[in-house]
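Colleague: One structure coming up, written as structure tokens, with questions to follow.
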Amino acid sequence: MTQTNVVDTPQATVAGGADKPHVLVELDHVEKHFGALHVLKDINLKVNKGEVLVIVGPSGSGKSTMCRTINRLETIDSGDIRIDGQSLPQEGKALAQLRAEVGMVFQSFNLFANKTILDNVTLAPIKVRKRNKVEAEREAMDLLDRVGVASQANKMPSQLSGGQQQRVAIARALAMHPKVMLFDEPTSALDPEMVNEVLDVMVELAHEGMTMLCVTHEMGFARKAADRIVFMADGQILEQDTPDAFFEHPKTERAKDFLSKILTH
Ligand SMILES: Nc1ncnc2c1ncn2[C@@H]1O[C@H](COP(=O)(O)OP(=O)(O)OP(=O)(O)O)[C@@H](O)[C@H]1O
Ligand SMILES: [Mg+2]
Numbered sequence: 000m001t002q003t004n005v006v007d008t009p010q011a012t013v014a015g016g017a018d019k020p021h022v023l024v025e026l027d028h029v030e031k032h033f034g035a036l037h038v039l040k041d042i043n044l045k046v047n048k049g050e051v052l053v054i055v056g057p058s059g060s061g062k063s064t065m066c067r068t069i070n071r072l073e074t075i076d077s078g079d080i081r082i083d084g085q086s087l088p089q090e091g092k093a094l095a096q097l098r099a100e101v102g103m104v105f106q107s108f109n110l111f112a113n114k115t116i117l118d119n120v121t122l123a124p125i126k127v128r129k130r131n132k133v134e135a136e137r138e139a140m141d142l143l144d145r146v147g148v149a150s151q152a153n154k155m156p157s158q159l160s161g162g163q164q165q166r167v168a169i170a171r172a173l174a175m176h177p178k179v180m181l182f183d184e185p186t187s188a189l190d191p192e193m194v195n196e197v198l199d200v201m202v203e204l205a206h207e208g209m210t211m212l213c214v215t216h217e218m219g220f221a222r223k224a225a226d227r228i229v230f231m232a233d234g235q236i237l238e239q240d241t242p243d244a245f246f247e248h249p250k251t252e253r254a255k256d257f258l259s260k261i262l263t264h
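Mapping of the sequence shown onto numbering that gives the first Met the number 0: position 16 corresponds to residue 15, and the numbering continues sequentially without gaps.
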């Protein structure tokens, strides 16, 4: 492990402290339709700096869509989304800049297939952040070391296992120094023996104070790392609670039903 510190400020005071929490991500009355389908219904969500949210809910409930609206991979019909107090710009340079603040890791390994692991990590810092190549490569190596794949730096993505590729995807996102990281089922396409190596990196990030929104079915991770569980069903946020409260005392029938299904597997 190295000295690289991707989280450059101390963990913020979260709700309950004397200081006002620093809200990093805010969704305010967000509505979204896909044609006739109402996928996001009056979504209101605040994520404080340093908070780790785990988003759970049945398939089709809008979890991925919600994540994708946060860096505007999906547009919204109405409402507002703010990153560190700034509304998401419609397009252009301002949007690219704000997007750079939000790192995203998806289910499928979306590394650039024709670039080495090292180039995958340095590409955006050099192009978007205008970092000098030597510096960008030094930091990329530190990040690859942190996620345990420094020895793979000169290989192509197809030469790595799924778990290794997903760890590279995390390093690549961190190389932009994002204010917040979004994870959309980052382990669900992995062979079971590779799930933990990715979750371990995520737990470490959480402990370092990274602000994270994670869609995942990994309830062990949720219990270990989440400050708050957000339960979605039918395009709505039905519950938001601490892991203990949510898992032990779900309030809605939908959540009880959901938990009875996933926890028996
Ligand atoms: N681009 C799209 N065009 C039309 N409908 C879409 C599109 N993307 C998602 N949907 C629909 O929107 C709804 C919400 O999808 P979403 O992918 O956000 O759900 P999810 O909670 O992430 O589900 P899963 O757990 O299966 O990943 C679903 O009914 C889905 O079919
Ligand atoms: Mg999804």
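Even glycine gets a Cβ: it sits at the ideal position worked out from N, Cα and C.
1. Counting pairs of beta carbons, one from the stretch 54-65 and one from the stretch 214-229, are three or more of them closer than 8 Å?
2. Have a look at Leu181 and Glu252 and give me their C-alpha separation to the nearest angstrom.
3. With a floor of 4 residues, list each alpha helix (DSSP H) that falls wholly inside the stretch 68-148, ordered by position along the chain.
4. Decide if Leu36 is buried, meaning its Cβ has at least 16 other Cβ atoms within 10 Å, or exposed.
5. What did DSSP end up calling Thr186 once you bin it into helix, strand or coil?
6. Which of helix, strand or coil does DSSP assign to Lys250?
7. If I follow the unbroken beta strand (DSSP E) through Lys40, where does it start and stop?
8. Assuming Ile169 contacts Val133 under a Cβ cut-off of 8 Å, what Cβ separation, rounded to an integer in Å, is found between them?
9. Go ahead and pull the three-state DSSP assignment for Thr64.
10. Contact defined as beta carbons within less than 8 Å: I believe Leu143 pairs with Ile125. What is the distance between those atoms, to the nearest angstrom?
11. Going by beta carbon distance, what residues of the same chain come within less than 7 Å of Pro57, once the five residues before and after it are set aside?
12. One question on the structure: do His21 and Asn47 come within less than 9 Å of each other, judged by their Cβ atoms?
13. Please classify Leu31: does DSSP put it in a helix, a strand, or coil?
14. Would Ile82 and Val179 qualify as a contact pair, given that the criterion is a beta-carbon distance under 9 Å?
15. Mapping the DSSP letters down to three states, classify Leu23 as helix, strand or coil.
16. By the DSSP assignment, the alpha helix (DSSP H) with Ala172 in it spans what residues?
17. Given that a residue counts as buried once 16 or more other Cβ atoms are within 10 Å of its Cβ, and exposed if not, what is Val148?
18. Which residues in the same chain have their Cβ closer than 8 Å to the Cβ of Glu136, if we skip the five residues on either side of it in sequence?
19. Straight-line CA distance for Thr210 to Ala174?
20. Quick check: what's the CA-CA separation for Ala221 versus Pro242?
Modeller: For this structure:
1. yes
2. Taking the sequence shown and counting its residues from 1, the one referred to as residue 181 is at position 182. Taking the sequence shown and counting its residues from 1, the one referred to as residue 252 is at position 253. Straight-line Cα distance between these residues: approximately 28 Å.
3. 91-99, 116-126, 132-145
4. Here residue 36 refers to the residue found at position 37 when the sequence shown is read from its first residue. Per the 10 Å Cβ criterion, exposed.
5. Against the sequence shown, residue 186 aligns to sequence position 187. Coil at Thr186, not helix or strand.
6. Start at 1 with the first residue of the sequence shown, and residue 250 comes out as number 251. It is coil, neither helix nor strand.
7. Within the sequence shown, the letter at position 41 stands for residue 40. 36-47 is the span of the beta strand (DSSP E), which, as asked, contains Lys40.
8. Here residue 169 refers to the residue found at position 170 when the sequence shown is read from its first residue. Here residue 133 refers to the residue found at position 134 when the sequence shown is read from its first residue. Ile169 to Val133, Cβ: 23 Å. No contact.
9. For the purposes of this step, residue 64 is identified with residue 65 of the sequence shown, where counting begins at 1. Residue state, collapsed to three classes: helix.
10. Counting from one through the sequence shown, the residue named residue 143 turns up at place 144. Counting from one through the sequence shown, the residue named residue 125 turns up at place 126. Going by Cβ atoms, the distance from Leu143 to Ile125 rounds to 16 Å, so no, they are not a contact pair.
11. Counted from its first residue, the sequence shown places residue 57 at position 58. Within the same chain, Pro57 has close Cβ partners Ala232, Phe257.
12. Counted from its first residue, the sequence shown places residue 21 at position 22. Counted from its first residue, the sequence shown places residue 47 at position 48. For His21 and Asn47, yes; Cβs fall inside 9 Å.
13. Walking along the sequence shown from the start, residue 31 turns up at place 32. In the sequence on display, residue 31 carries Lys and not Leu. The answer is strand: DSSP assigns Lys31 an E or B state.
14. Taking the first residue of the sequence shown as position 1, residue 82 is located at position 83. Taking the first residue of the sequence shown as position 1, residue 179 is located at position 180. Yes; because the gap between Cβ atoms is below 9 Å, this pair is in contact.
15. On the sequence shown, residue 23 is found 24 positions in, with the first residue counted as 1. Reduced to three states, the DSSP call for Leu23 is strand.
16. As a first step, residue 172 is located in the sequence shown; it is residue number 173 there, counting from the start. DSSP places Ala172 inside the alpha helix (DSSP H), whose first and last residues are 161-173.
17. Taking the sequence shown and counting its residues from 1, the one referred to as residue 148 is at position 149. Counting Cβ neighbours within 10 Å, Val148 comes out buried, since at least 16 surround it.
18. On the sequence shown, residue 136 is found 137 positions in, with the first residue counted as 1. Result list for Glu136: Leu117, Thr121, in chain order.
19. Taking the sequence shown and counting its residues from 1, the one referred to as residue 210 is at position 211. Taking the sequence shown and counting its residues from 1, the one referred to as residue 174 is at position 175. Cα to Cα, Thr210 sits roughly 15 Å from Ala174.
20. As a position in the sequence shown, residue 221 is number 222, starting the count at 1. As a position in the sequence shown, residue 242 is number 243, starting the count at 1. Distance between the alpha carbons of Ala221 and Pro242 is about 7 Å.
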